[in-house]
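Everything on this sheet refers to the single structure shown next.
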Amino acid sequence: MIGNVSGNGIAVGITGVGAYAPEKVLTNADLETMVDTSDEWITTRTGIRERRIAAPEQAASDLALPAARQALEAAGVDPKELDLVVVATATPDMLFPATGALLAEELGARGAAAYDLLAGCTGFVYALAQAYGAVATGLSRQALIVGTEVLSKITNWNDRGTCILFGDGAGAAVVQPVERGGILGFELGADGSGGPDLCVPAGGSRQPITSGALEEEAQFIKMNGAEVFRFATRIMVTSAEELLAACGAGVEDVDLYVPHQANKRIIDHAVKNLGLDPGKVLLNIDRYGNTSSASIPIGLAEAREDGLLAEGTRVLMSAVGAGLTWGSVYMTWTEG
Ligand code: ACO
1462 MIGNVSGNGI
1472 AVGITGVGAY
1482 APEKVLTNAD
1492 LETMVDTSDE
1502 WITTRTGIRE
1512 RRIAAPEQAA
1522 SDLALPAARQ
1532 ALEAAGVDPK
1542 ELDLVVVATA
1552 TPDMLFPATG
1562 ALLAEELGAR
1572 GAAAYDLLAG
1582 CTGFVYALAQ
1592 AYGAVATGLS
1602 RQALIVGTEV
1612 LSKITNWNDR
1622 GTCILFGDGA
1632 GAAVVQPVER
1642 GGILGFELGA
1652 DGSGGPDLCV
1662 PAGGSRQPIT
1672 SGALEEEAQF
1682 IKMNGAEVFR
1692 FATRIMVTSA
1702 EELLAACGAG
1712 VEDVDLYVPH
1722 QANKRIIDHA
1732 VKNLGLDPGK
1742 VLLNIDRYGN
1752 TSSASIPIGL
1762 AEAREDGLLA
1772 EGTRVLMSAV
1782 GAGLTWGSVY
1792 MTWTEG
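Each residue of the sequence shown is one higher than the one before, counting from 1462 in my numbering.
Have a look at this one:
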């Protein structure tokens, strides 16, 4: 789906952002001791130097909580006033109850509808679209959206093709009506034919966790890296191009590009083919790896911290992930 929403009569924006990453750092040198790989291979093929790993007792809601509190504080919103909590995650605390409900309880957001959303690495963009819809229609006044992942717990640490890519973290944003600026448009899509290219086969109703599933290591991420790479390089470009065209904007109008951080080569390809100024790109993959749904909100929080987001800054975000799903959002940043 695609839409220029700037003429909808009500402006909706992000009024606060926050992020949290676990303390433990796993470097490429550490990975060299675990699988047959090298710092040189990982750095040149992916741009990743290190990633954060959650403590054994940390689940998705534990990472989400500090990120959410930071975003709420930045927005000046009391958690009790929240009316919507959407948690995008592929690594929920458990299948149910939803991590969104667990987080709402931790926050004391008793008045909020709270649930999870599963769209892989595109989860945060999908969550932003849902919160936009709820706020734009007046159903919600204060929405919290979170991307949180503990991918280390579904990573096969013996598979060098995947274990070098992923990291843990959380990012959050508060979505509210704003006086000016705000979200200009979305482009979102899914192609389920690519589902098997990036999946966790066991743990659902298709293949419950049994001793046989564990023997096959089917509880871990399985990925056809080359296929996902091909899809991602194409869709990161077309999604952004179609959205900007729908918004009547050109690539030169974009002040800051916050792409999902899956692989620096995918980002470089998108930047080159879109014709974006490389100086306008938020890059932190070297420090976090691929944190899936947390990647864009962590990027936003870092951009805010580094003074890259100011009143009027035009921000383009794009992601691609399991599903296969994709999504882009274009917005004007609002301060205060
Ligand atoms: N260290 C050393 N060698 C390795 C490693 C490693 N960690 N992993 C693979 N290799 C080897 C392969 O075995 C292969 O060797 P061979 O030629 O002898 O067979 C060689 O390196 C090349 O392998 P390729 O898979 O062709 O390497 P490529 O350049 O495609 O990079 C990568 C692999 C990094 C996984 C890439 O395909 C990629 O980034 N894909 C997209 C992944 C992605 O973004 N996934 C997440 C999407 S979003 C989400 O929702 C989670």
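Even glycine gets a Cβ: it sits at the ideal position worked out from N, Cα and C.
Note that this is a predicted model, so its numbers are computed, not measured.
Quiz item: According to the neighbour-count rule (16 or more other Cβ atoms, all chains shown, within 10 Å of its Cβ), is T1494 buried or exposed?
Solution: Looking up residue 1494 in the sequence shown gives position 33. That one is exposed.
Quiz item: Can you tell which of A1771, A1536, R1748, A1707 has the C-alpha that lies nearest to the C-alpha of V1636?
Solution: Mapped onto the sequence shown, residue 1636 falls at position 175. V1636 has its Cα closest to that of A1536, out of A1771, A1536, R1748, A1707.
Quiz item: Considering only residues of the same chain and omitting the five flanking positions on each side of V1639, which have a CB-CB separation below 6 Å?
Solution: In the sequence shown, counting from the first residue as 1, residue 1639 sits at position 178. Taken in chain order, the residues that qualify are A1472, G1474, T1795.
Quiz item: Taking the C-alpha atoms as reference points, what is the distance between D1539 and L1533?
Solution: By 1-based counting over the sequence shown, the position of residue 1539 is 78. By 1-based counting over the sequence shown, the position of residue 1533 is 72. Rounded to the nearest angstrom, the two C-alpha atoms are 7 Å apart.
Quiz item: With distances taken from CA atoms, which of M1778, A1706, S1666, N1751 is nearest D1716?
Solution: The residue labelled residue 1716 in the question sits at position 255 within the sequence shown. Per the Cα distances, M1778.
Quiz prompt | Helix, strand or coil at I1670 [DSSP, three-state] | solution = Looking up residue 1670 in the sequence shown gives position 209. It is coil, neither helix nor strand.
Self-check item: Span separating the alpha-carbon of A1482 from that of D1652
Solution: Here residue 1482 refers to the residue found at position 21 of the sequence shown. Here residue 1652 refers to the residue found at position 191 of the sequence shown. When rounded, the distance between both Cα atoms is 30 Å.
Quiz item: Is F1692 near the ligand COA, with its Cβ less than 6 Å from a heavy atom?
Solution: Absence of the ligand COA is noted for the structure shown, with the ligand ACO being the only ligands found.
Quiz item: Going straight from the alpha carbon of L1735 to that of V1698, what length do you get?
Solution: Counting from 1 along the sequence shown, the entry for residue 1735 is found at position 274. Counting from 1 along the sequence shown, the entry for residue 1698 is found at position 237. Spanning the two alpha carbons is a distance of roughly 6 Å.
Quiz item: chain C beta carbons: is any one of them nearer than 7 Å to that of Q1531?
Solution: The chain inventory of the structure shown lacks chain C, comprising one protein chain alone.
Self-check item: Buried or exposed (CB count within 10 angstroms, at least 16 for buried), D1767
Solution: For the purposes of this step, residue 1767 is identified with residue 306 of the sequence shown, where counting begins at 1. It counts as exposed.
Self-check item: 7 Å Cβ cutoff met for E1648 and I1514
Solution: Your numbering for residue 1648 matches position 187 in the sequence shown. Your numbering for residue 1514 matches position 53 in the sequence shown. Not closer than 7 Å, so no.
Quiz item: Apart from the five residues on each side of it in sequence, which residues of its chain come closer than 7 Å, Cβ to Cβ, to G1643?
Solution: Here residue 1643 corresponds to residue number 182 of the sequence shown, with the count starting at 1. Same-chain partners within the cutoff: A1472, V1473, G1474, M1792, T1793, T1795.
Quiz item: By how many angstroms is the C-alpha of A1529 removed from the C-alpha of A1679?
Solution: Indexing the sequence shown from 1 puts residue 1679 at position 218. Indexing the sequence shown from 1 puts residue 1529 at position 68. Their Cα atoms are separated by approximately 32 Å.
Self-check item: Reduced DSSP category for P1527 - H, G, I as helix; E, B as strand; rest coil
Solution: The residue labelled residue 1527 in the question sits at position 66 within the sequence shown. DSSP places P1527 in helix when its eight states are reduced to three.
Quiz item: So L1545 packs on A1573, CB below 8 Å; how close in whole Å?
Solution: Taking the sequence shown and counting its residues from 1, one reaches residue 1545 at position 84. Taking the sequence shown and counting its residues from 1, one reaches residue 1573 at position 112. 6 Å between Cβ atoms; contact.
Quiz item: Does the ligand ACO have even one heavy atom less than 6 Å from the beta-carbon of V1548?
Solution: Working through the sequence shown from its first residue, we reach residue 1548 at position 87. V1548: no, Cβ never under 6 Å from the ligand ACO.
Exercise. Closer than 8 Å by C-beta to Y1587: which residues in its own chain qualify, once you throw out the five before and the five after it? Chain order, please.
Key: For the purposes of this step, residue 1587 is taken as residue 126 along the sequence shown, with counting starting at 1. A1549, L1578, A1580, L1649, T1786, G1788.
Self-check item: Selected residue, minimal CA-CA separation from T1694, among D1714, S1672, V1596, V1781
Solution: For the purposes of this step, residue 1694 is identified with residue 233 of the sequence shown, where counting begins at 1. Comparing Cα-Cα distances from T1694 to each of D1714, S1672, V1596, V1781, the minimum goes to V1781.
Quiz item: Can you tell me where the beta strand (DSSP E) with P1720 in it begins and where it stops?
Solution: Within the sequence shown, residue 1720 is the residue found at index 259, counting from 1. Residues 1717–1720.
Self-check item: Runs of beta strand (DSSP E) lying entirely within the segment 1529–1553, each at least 3 residues, in chain order
Solution: 1545–1549
Quiz prompt | Candidates L1645, R1641, L1526, D1497, of which the one nearest N1465 by Cα | solution = Against the sequence shown, residue 1465 aligns to sequence position 4. Among L1645, R1641, L1526, D1497, the Cα nearest to that of N1465 belongs to L1645.
Quiz item: When you compare only the Cα positions, how much space is there between L1744 and W1502?
Solution: In the sequence shown, the residue the question calls residue 1744 occupies position 283. In the sequence shown, the residue the question calls residue 1502 occupies position 41. Distance between the alpha carbons of L1744 and W1502 is about 19 Å.
Quiz item: Curious, which full-length beta strand (DSSP E) runs of at least 3 residues does the segment 1478–1528 contain?
Solution: 1485–1488, 1511–1514
Quiz item: Thinking C-alpha only, which one of G1599, S1666, M1555, K1683 is nearest G1656?
Solution: In the sequence shown, residue 1656 corresponds to position 195, counting from 1. Answer by Cα proximity: K1683.
Quiz item: Using the beta-carbon count (16 or more within 10 Å), is R1512 buried or exposed?
Solution: Counting from one through the sequence shown, the residue named residue 1512 turns up at place 51. R1512 should be labelled buried.
Quiz item: Distance, Cα to Cα, I1606 vs N1619?
Solution: The residue labelled residue 1606 in the question sits at position 145 within the sequence shown. The residue labelled residue 1619 in the question sits at position 158 within the sequence shown. I1606 and N1619: Cα-Cα distance of roughly 33 Å.
Quiz item: Which of the three DSSP states, helix, strand or coil, is assigned to I1615?
Solution: Here the question's residue 1615 lines up with position 154 in the sequence shown. In this structure, I1615 counts as coil in the three-state DSSP scheme.
Exercise. Taking G1561 and A1575 to be in contact with their CB atoms under 8 Å, please state how far apart those CB atoms are, rounded to whole angstroms.
Key: For the purposes of this step, residue 1561 is taken as the residue at position 100 of the sequence shown. For the purposes of this step, residue 1575 is taken as the residue at position 114 of the sequence shown. Yes, they are in contact, since the Cβ atoms of G1561 and A1575 sit about 4 Å apart, within 8 Å.
Quiz item: Taking the alpha-carbon positions, what's the R1667 to P1517 distance?
Solution: Here residue 1667 corresponds to residue number 206 of the sequence shown, with the count starting at 1. Here residue 1517 corresponds to residue number 56 of the sequence shown, with the count starting at 1. Answer to the nearest angstrom: the Cα atoms are 27 Å apart.
Exercise. Compare the Cα-Cα distances from L1659 to each of A1687, E1676, T1671 and report the closest residue.
Key: Start at 1 with the first residue of the sequence shown, and residue 1659 comes out as number 198. Measuring from the Cα of L1659, the nearest candidate turns out to be A1687.
Quiz item: In the DSSP assignment, what are the bridge partners of K1683?
Solution: Position 222 of the sequence shown, counting from 1, holds the residue named residue 1683. Note: K1683 sits in a beta bridge opposite C1660.
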